[in-house]
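Chemist:
Structure, rendered in structure tokens:
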């Protein structure tokens with residue numbers, strides 16, 4: 004089979020191949036966290052030097068897949084408890100969350116990424132009847148308003164995984180505030196890093212072989228409530244805590260706050276404080 008050669012020149016977008024590699028590594032384990040076989044197929048079909056990531060440590064693989072699994076489960080819960088559920092995956096890359104989420108057919112999915120990534124996705128992955136692609140940057144104006152107009156009664160959940168840490172606090176603040184202004188009642192889930200970890204891209208075993216660098220981290224998990232009165236912190240999930248059951252060494256390290264609380268998943272809800280739909 005002739006391989007698909009990616010034409011992605013954006014350093015941040017290029018990190019999507021790291022996640023593909025992590026998922027494929029996990030699928031090859033005797034006891035996988037995620038068991039995403041689609042990623043192995045993607046690696047076989049893409050003409051990309053995945054071998055440069057061959058030095059990835061167990062901790063990074065486990066962290067990526069625990070993060071994926073946690074968000075998958077939260078999404079399943081959301082779909083199960085909401086009518087007219089609308090899922091917006093910001094920076095989707097080549098993630099196949101639709102196939103992993105058991106009740107995906109009961110929701111509408113929007114997959115958003117820059118044009119080069121969406122084009123690659125079209126070449127490699129099928130699109131389901133209730134799944135739509137949005138080609139563009141999350142920071143461009145207009146796309147949120149179009150979704151709101153298309154689904155005025157929809158229950159929205161926005162997911163950003165492995166994305167926000169590469170952008171500035173100002174950019175993320177502006178995006179989240181735009182979501183609040185257009186989608187009262189929505190949910191937002193994303194992962195982030197502590198200030199300490201965000202300053203050490205060069206020490207990360209995957210980014211050492213990539214050109215992207217971390218741009219933003221936060222220690223105050225309530226910072227988002229300061230950005231906009233419509234944002235409310237619902238839950239913080241520390242990824243390394245979720246890794247404890249898979250590795251004894253990780254379990255020990257996770258009790259050191261700098262490491263155990265360095266990588267996290269934030270769940271926010273959008274208060275309805277008088278914004279008209």
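In our numbering, the protein residues as written are 4 to 280.
Think of the CB as a built atom: it goes at the ideal place given N, C-alpha and C, for glycine as much as any other residue.
Computed from a predicted model, the values in this text were never measured in an experiment.
From the DSSP secondary-structure annotation, give me the bridge partner or partners of residue 268.
Modeler: Bridge partners of residue 268: 194 and 240.
Chemist: Buried or exposed, going by whether 16 or more other CB atoms sit within 10 Å of the CB of residue 142?
Modeler: Residue 142 should be labelled exposed.
Chemist: With DSSP as the reference, label residue 229 as helix, strand or coil.
Modeler: Helix at residue 229.
Chemist: Flag this pair as yes or no: are the beta carbons of residue 136 and residue 113 separated by less than 9 Å?
Modeler: Contact: yes.
Chemist: Would you be able to state if there are at least three C-beta pairs under 8 Å between the segment 51–59 and the segment 68–85?
Modeler: Result no; under three Cβ-Cβ pairs closer than 8 Å.
Chemist: Tell me whether residue 255 sits in a helix, a strand or coil according to DSSP, three-state version.
Modeler: It is helical.
Chemist: At the level of alpha carbons, what is the spacing between residue 86 and residue 158?
Modeler: Rounded to the nearest angstrom, the two C-alpha atoms are 7 Å apart.
Chemist: Of the choices 183, 213, 193 and 218, whose alpha-carbon is the least far from that of residue 199?
Modeler: Measuring from the Cα of residue 199, the nearest candidate turns out to be 218.
Chemist: With C-beta atoms as the reference, is residue 184 less than 9 Å away from residue 167?
Modeler: No, the Cβ-Cβ distance between residue 184 and residue 167 is not below 9 Å.
Chemist: What does DSSP give as the partner residues of residue 136 in its beta bridges?
Modeler: 114.
Chemist: From what residue to what residue does the beta strand (DSSP E) around residue 163 run?
Modeler: 158–163 is the span of the beta strand (DSSP E), which, as asked, contains residue 163.
Chemist: Using the Cα positions of residue 187 and residue 178, report the straight-line distance between them to the nearest angstrom.
Modeler: Rounded to the nearest angstrom, the two C-alpha atoms are 14 Å apart.
Chemist: Using the three-state DSSP reduction, which class does residue 234 fall into: helix, strand or coil?
Modeler: Three-state DSSP puts residue 234 in a strand.
Chemist: Assign residue 160 to buried or exposed, taking buried as 16 or more other Cβ atoms, counted over all protein chains shown, within 10 Å of its Cβ.
Modeler: The residue in question, residue 160, is buried, as its Cβ has 16 or more Cβ neighbours within 10 Å.
Chemist: Thinking C-alpha only, which one of 70, 109, 97 and 245 is nearest residue 281?
Modeler: Look at the range of the chain in this structure, 4 to 280, and you will see that residue 281 is not part of it.
Chemist: Beta-carbon within less than 6 Å of residue 172's beta-carbon, same chain only, minus the 5 sequence neighbours each way: which residues are those?
Modeler: Only 219 meet the Cβ criterion.
Chemist: Tell me which residue opens and which closes the beta strand (DSSP E) that residue 16 is part of.
Modeler: No beta strand (DSSP E) contains residue 16, which DSSP labels as neither H nor E.
Chemist: Tell me which residue opens and which closes the beta strand (DSSP E) that residue 1 is part of.
Modeler: In the structure as shown, the chain begins at 4 and stops at 280. Residue 1 is therefore absent and cannot be evaluated.
Chemist: Please return the same chain residues whose Cβ sits closer than 6 Å to the Cβ of residue 123, not counting the five positions on each side in sequence.
Modeler: Excluding residues within five positions, the ones whose Cβ falls inside 6 Å are 9.
Chemist: Can you name, in chain order, every residue of its own chain whose Cβ lies under 7 Å from the Cβ of residue 131, other than the five neighbours on each side?
Modeler: Answer for residue 131: 101, listed in chain order.
Chemist: What are the residues that DSSP puts in a beta bridge with residue 166?
Modeler: None, per the DSSP bridge assignment.
Chemist: What is the DSSP secondary structure of residue 23, reduced to helix, strand or coil?
Modeler: The answer is helix: DSSP assigns residue 23 an H, G or I state.
Chemist: State the start and end residues of the unbroken alpha helix (DSSP H) segment that holds residue 260.
Modeler: Its alpha helix (DSSP H) spans residues 260–263.
Chemist: Which same chain residues end up closer than 8 Å to residue 215 when comparing Cβ atoms and leaving out the 5 residues on each side of it in sequence?
Modeler: Here the set comprises 14, 15, 17, 18, 169 and 204.
Chemist: In this structure, how does DSSP classify residue 183 when only helix, strand and coil are distinguished?
Modeler: Note: residue 183 maps to helix in three-state DSSP.
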